[in-house]
Amino acid sequence: MLGKPCKYYLTTGDFRGTVSPAMPRPTITEGLKYYTSTEALEAIGLTREEFNRRLDQGVLPKPTTVNGVGLRLFDDAWIKKAKHIVGLEKHKQAQRARNNHK
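Using our numbering, you'd call the opening residue of the sequence shown number 1339 and step up by one each time.
(1) State the Cα-Cα distance for the pair G1408 and E1427, rounded to the nearest angstrom.
(2) Can you give me the start and stop residues for the alpha helix (DSSP H) that D1413 sits inside?
(3) Quick one: is R1392 buried, meaning 16 or more other Cβ sit within 10 Å of its Cβ, or exposed?
(4) Looking at C-beta atoms only, is the number of pairs between the region 1430-1438 and the region 1384-1404 that lie closer than 8 Å three or more?
(5) Distance, Cα to Cα, G1425 vs G1406?
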C-alpha cells in the first residue's frame, strides 16, 4: 500500500532545513509531492538492491528528478508505472514457475 508522500518538495536549488549537513533535502517551491528512494522502493515492494538494480538496468523508469547532490525523487505517476512493471515481472515469474512444474 502506498504510504503518505514525503515532506520533501522540488526546489530550484535552495536547500533550507537540511536533515544533516551531508544530506540536503528539497523544500517547497512548486508544491509538487515527491517520494525519496526509500519511500518509493517500499511503495512498490522491492528491496534496496532490487530497486537499484532495476533502475540501473533501465527496467524501471528514470527518477522523476535528481537534484544537484544526486538525491533521486519520485512522483505518484512514477510509483504507478513502477508498480505496474513490478506486477508484470511477478506475473511472468509465476508463469515460468508453473510451466517448469508441468
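Using N, Cα and C, we set each Cβ at its ideal position, and we do this for glycine too.
On the basis of the supplied data:
(1) By one-based count along the sequence shown, residue 1408 stands at place 70. By one-based count along the sequence shown, residue 1427 stands at place 89. Their backbone Cα atoms lie some 28 Å apart in a straight line.
(2) As a working note, residue 1413 is residue 75 in the sequence shown. First-last for D1413: undefined, no H or E at that position.
(3) If you number the sequence shown from 1, residue 1392 lands on position 54. Classification of R1392: buried, given that the 10 Å Cβ count is 16 or more.
(4) Per the Cβ contact rule, the region 1430-1438 is not in contact with the region 1384-1404 (fewer than 3 Cβ pairs under 8 Å).
(5) For the purposes of this step, residue 1425 is identified with residue 87 of the sequence shown, where counting begins at 1. For the purposes of this step, residue 1406 is identified with residue 68 of the sequence shown, where counting begins at 1. In a straight line, the C-alpha of G1425 is about 32 Å away from that of G1406.
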